[in-house]
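Each residue of the sequence shown is one higher than the last, beginning at 0 in numbering that gives the first Met the number 0. Note that CB positions come from ideal geometry on N, CA and C, so glycine has one too. Just so you know, these numbers come straight off a predicted model, no measurement behind them. Written out below as structure tokens is the structure these notes cover.
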Amino acid sequence: MSYQLQHQESINNPEQYWRRQASKLAWYQQPTQTLSYTDGNDPESYQWFADGELNLSYLTLDYHVEHGRGDQVAIFYDSPVTGVQTSYTYAQLRDEVACFAGVLQKHGVSKGDRVVIYMPMIPQAAIAMLAVARLGAIHSVVFGGFAAHELAVRIDDAEPKVVVSASHGIEPHRLVPYKPLLDKAIEKAEFKPQASIIYQRLQVPADKQVKLDLNPGFDFDWQTEMSAAQPVAPVAVKSTDPLYILYTSGTTGKPKGVVRDSGGYATALHFSMQSVYNLKPGDTMFTASDVGWVVGHSYIVYGPLLLGCSTVLYEGKPVFTPDAGAFWRIAEQYQAKVIFAAPTAFRAIRKEDPNGDFLKHYDLSRVETIFMAGERLDPATYEWAQDVSGKPVVDHWWQTESGWPICANPTGIETLATKVGSSSVPVPGYQVQVLDDLGEPVAANQQGNIVIQLPLPPGCLAGIWQNPERFRSSYLQQFPGYYSSGDGGYIDEDGYVFIMGRTDDVINVAGHRLSTGEMEEVVASHSAVAECCVIGAHDSLKGQQPLGLGIMKNGVDISAEQLEKELVALVREEIGALACFKTVVVVKRLPKTRSGKILRKIVRNIADGQSYSVPSTIDDPESLAEIAEALAQRTTS
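In structure tokens, the structure reads:
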């Protein structure tokens, strides 16, 4: 069936469409209800597969062992920061997960309880996730190395019975002790877990290991506990029971705990692995993310293992571990069919290796497609990645809240023509529309608010943990009958969706609504620019004026002053004088989250002289001071 027919059926007859997809899973109890409503008059009260029962740990592990995949590799672990490379077959991973579930059960964890996981990118993080799911409990993975305050906030919200952590994380040039951060977080938190289980990392020289000071009766050593563990069988849960809570930033400063259900999520991931990524059982998927983010949940752990694929858990960076050929090395070594990473990773590779010289050392013949998501993919990065790799590049758009792609080129259904700057078309199940601020549909190619008509397809957020009102006010209140994505953009005459940035990144210059995404496209297209961002800075006359910040590529023969002149002329030529783009500041680095998103709002606060809080998700806080100094020097001069 073509993409057009599949999408049409998914919108016109969602029950029939998703019943067919759900039937491909090994449910304990096959659902007889596909789409149901708890309040017949309320379009927001929908549920998927409400009477079905299943277990994600069984579906990702035991099922494959029972069907002859026990000796296939489930997880390749590759850690250039420690020099360790190892793997777990499906049978080995099942046994580890079953035993760790026994450890958790011994410490009182049962169906419906929460477990916070605060770990680096090591196999034990995935083992802990799957073990929690095996018990029918709910995991909440907190990105390893988060500040103690941020961890405490999440502990207070999730109220975990147990916390699972590790002695330390490892960055290219430093160790990050986790245990002291965890101790401080538990001290600060009002809610106190009953126990913590700590994995002592042994892959570094003894003199560099972080010494574990375990609190008697509260802290327990992972290895010791596992040596005496009894394996546990999977526990059946309802489709609507929560699988995990994953925190995402909110406008109030307090993180929102996105709740993911079990059955809808399993159905959607199993479907997307085939329909979006064109993968089959036995294929290898290399997703360069972290289990602390939604991408790691969906496409490092659950998605690949649900389909019976091999997944790569990579503890390293796109560059400097040891070089800009790291991704290509992984792809060749593990014969990856798909590479998936954020655009910022490929911009970093491009900056260090603009001609793709490292890539020439590796055989990418098994790679079929490179996928990018997590932020807007600028045309310059898209074209560079495609040119140097010789592989199709797919820009696709989704969110923590959706859990799986909203828009993509559905390569497993039908490979469509590509439009640079577009995340292609809505994936089956999503009815994407563009509305103006009054909630009225806009014409093709006209920018507005990107929304999705309810009901959302299976796998999307089921709510905000213990806060239904915040769920409504954040996502459903602005446009009744629709989920508000918070992103702005347009749909062209062919149905292709263009995401131009968060709606609060639309700037108003003398009454003109202008997209910073459009300006970034133009700035990034200059041959000397490695990376950039454009924000709207306050202007007493025009309301806002665009301000560009750019990083120059290594080895380019151009001065900062000349580059600014050329970029201003380029924006004027491509967008017009109404953009009022007159200022570009060259910087060494841009402030980003650990997942690679540029912190535009904070840059805007710096430019406007407003106070701001340094978020826990920032990768390099020093970049904020550098930008403040650069802007101050610019203002003075």
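Limits of the unbroken alpha helix (DSSP H) element including residue i
i, result
"G402", "It is not in any alpha helix (DSSP H) - G402 carries neither H nor E in the DSSP assignment."
"P241", "Note, P241: premise wrong, no alpha helix (DSSP H); beta strand (DSSP E) at 241-247."
"N11", "2-11"
"K187", "178-187"
"T343", "342-351"
"Y117", "No alpha helix (DSSP H) contains Y117, which is instead part of the beta strand (DSSP E) from 113-117."
"T380", "378-388"
"I329", "325-332"
"D155", "147-157"
"L58", "First-last for L58: undefined, no H or E at that position."
"V131", "122-133"
"P303", "302-306"
Residues bridged to residue i [DSSP beta-bridge criterion]
i, result
"D220", "I197"
"C532", "L548"
"L513", "I506"
"N448", "L434, G487"
"E52", "Q28, K237"
"Y482", "I451"
"F370", "F339, V393"
"G542", "V508, D538"
"S139", "V115"
"S35", "Q46"
"I617", "T592"
"G462", "V258"
Three-way DSSP call (helix, strand, coil) for residue i in this model
i, result
"D41", "coil"
"F497", "strand"
"V162", "strand"
"K255", "strand"
"V521", "helix"
"Y264", "helix"
"R599", "helix"
"L213", "coil"
"I412", "coil"
"L363", "coil"
"L174", "strand"
"P440", "strand"
"F190", "coil"
"P467", "helix"
"Q632", "helix"
"H106", "coil"
"K564", "helix"
"G144", "coil"
"F357", "helix"
"N553", "coil"
Cβ-Cβ distance between residue i and residue j below 8 Å
i, j, result
"V163", "V108", "no"
"A407", "S421", "no"
"A194", "V161", "yes"
"S44", "D38", "yes"
"G402", "V293", "yes"
"T634", "T616", "no"
"L53", "W26", "yes"
"T343", "C308", "no"
"V583", "L598", "no"
"V441", "V433", "yes"
"K110", "V234", "yes"
"A384", "V392", "yes"
"D377", "A228", "no"
"A97", "R133", "yes"
"G263", "S297", "no"
"Y361", "R328", "yes"
"P122", "G168", "no"
"K253", "S473", "no"
"L181", "L201", "no"
"A287", "F319", "no"
Bounding residues of the beta strand (DSSP E) (the contiguous stretch that carries residue i)
i, result
"L577", "Segment: none, L577 is in no beta strand (DSSP E) and carries neither H nor E."
"V311", "309-313"
"H167", "167-170"
"V426", "No beta strand (DSSP E) holds V426; DSSP gives it neither H nor E."
"V585", "582-585"
Cβ of residue i within 8 Å of any chain B Cβ
i, result
"S484", "In summary, chain B is missing from the structure at hand, where a single protein chain is found."
List in chain order: all unbroken beta strand (DSSP E) runs of 3+ residues lying wholly within the region 65-94. 72-78, 83-88
Give, in chain order, every unbroken run of the beta strand (DSSP E) that is at least 3 residues long and sits entirely within the region 270-294. Here the runs fully enclosed are 283-286.
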